[in-house]
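Below is one structure, written out as C-alpha cells; comments come after it.
Chains as they are written, first to last, in the numbering used here: chain L, 1 to 114; chain D, 1001 to 1115.
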C-alpha cells in the first residue's frame, strides 16, 4: 500500500534553533518528493521538489534531503523564526499517470516559541 | 504569491442548503483540482480537471459536483449540504502537461461548517 508517514506529529522549538522533520514513504514507482508549508487556515505553499536523482535541495533556510534507496526524506530548518510556525507536509508522486498521483502525509505541526 | 483565489473563506450554513464554492486562477493553468482536508489529516483529492469541459472524480468519494466551462474557473457545488460535509476545501492548479515536476499552486481554502 502506498503511504507517506511523517514524524514527529508535532514539534515545539525555541526561536533561533534548528530542527529536522522526517518523511518515510512506501510509494512505488517513485517520481518526485515535495515539501509544502501550510500556515493555519491557508493553502499549502511549495518549498522544494526533488526527483530520484537529487539528494538535496535548498530554499533559503529550508534544506530537504532525499534517500531514494531507503525511501526517506528530511526537511531541515536552520535558525528558526516565529514565522516558521506551520504544518509541513511531505508529498510523494508516482509515475502512474501523466501528472502522477500524489500521496500526502498528515504533516508535522511546528511551533516556534520566542 | 500564487494567483489562485477561493471564495468564500468561511461559510456556515444549515443542513439541506445548496452551496457553491468558487475557485479562480489567473495563471492560465489547464489543470485544476479540489482537495478536502480535515484537521490533522492528509489532503484528499475529490475532483480534478485537465481543461475546459473535462472533469473527473478523485480518490475520495464526494457528493459534490464540479464544472469547467472556462479555463480560469472551477466551481464546486453541493446540492444539499450535510454536517458530514464540514471540512476545509482547497482548490489548486498546475501548469504544464506531462512534466515530472509540475508545481501545484493552492488557494487559501474555504472552511465550510454545516449545522
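Note that the Cβ used here is the ideal one computed from N, Cα and C, for glycine as well.
* What number of angstroms, rounded off, separates the C-alpha of residue 1116(D) from the C-alpha of residue 60(L)? -> Examination of residue 1116(D) is not possible in this model, given that chain D is present from 1001 through 1115 alone.
* chain D residues whose Cβ lies nearer than 7 Å to that of residue 43(L) -> Your numbering for residue 43(L) matches position 43 in the first chain. Ordered by position in chain D, the residues that pass the 7 Å Cβ test against residue 43(L) are 1090, 1106, 1107, 1108 and 1109.
* **residue 113(L), buried or exposed, once every other Cβ within 10 Å from all chains shown has been counted against 16** => Within the first chain, numbered from 1, the residue matching residue 113(L) stands at position 113. Answer is exposed; the Cβ neighbour count stays below 16.
* Which residues DSSP lists as bridging residue 32(L), in chain order -> Taking the first chain and counting its residues from 1, the one referred to as residue 32(L) is at position 32. Bridge partners of residue 32(L): 51(L) and 93(L).
* **Neighbour flag for residue 1022(D) against chain L, beta carbons, 8 Å** => In the second chain, residue 1022(D) corresponds to position 22, counting from 1. Not one chain L Cβ lies under 8 Å of residue 1022(D).
* Three-state class that DSSP yields for residue 67(L) in the structure shown -> Position 67 of the first chain holds residue 67(L). It is a strand residue.
* Proximity to residue 9(L) [Cα-Cα], best of 28(L), 24(L), 57(L) and 18(L) -> Taking the first residue of the first chain as position 1, residue 9(L) is located at position 9. The candidate whose alpha carbon is nearest that of residue 9(L) is 24(L).
* To do: Would you please verify whether the beta carbon of residue 74(L) is less than 8 Å from any beta carbon of chain D?
  => As a position in the first chain, residue 74(L) is number 74, starting the count at 1. No, no contact with chain D.
* So the beta strand (DSSP E) residue 102(L) belongs to, where does it begin and stop? -> As a working note, residue 102(L) is residue 102 in the first chain. Start and end: 102-104.
* Consult DSSP for residue 1043(D) and reduce its assignment to one of helix, strand or coil. => The sequence position of residue 1043(D) within the second chain is 43, counting from 1. In this structure, residue 1043(D) counts as coil in the three-state DSSP scheme.
* Is residue 1071(D) near residue 1052(D), with beta carbons less than 8 Å apart? -> The count along the second chain starts at 1 and reaches residue 1071(D) at position 71. The count along the second chain starts at 1 and reaches residue 1052(D) at position 52. Cβ distance < 8 Å, so residue 1071(D) and residue 1052(D) count as in contact.
* Asked: With 8 Å set as the bound, which would you pick, yes or no: does the beta-carbon of residue 16(L) sit closer than that to a beta-carbon of chain D?
  -> Within the first chain, numbered from 1, the residue matching residue 16(L) stands at position 16. So no, residue 16(L) is outside the interface.
* To do: Can you have a look at residue 1039(D) and say buried or exposed, based on whether 16 or more other CB atoms are within 10 angstroms of its CB?
  => Position 39 of the second chain, counted from the start, is the residue given in the question as residue 1039(D). Exposed: under 16 other Cβ atoms inside 10 Å.
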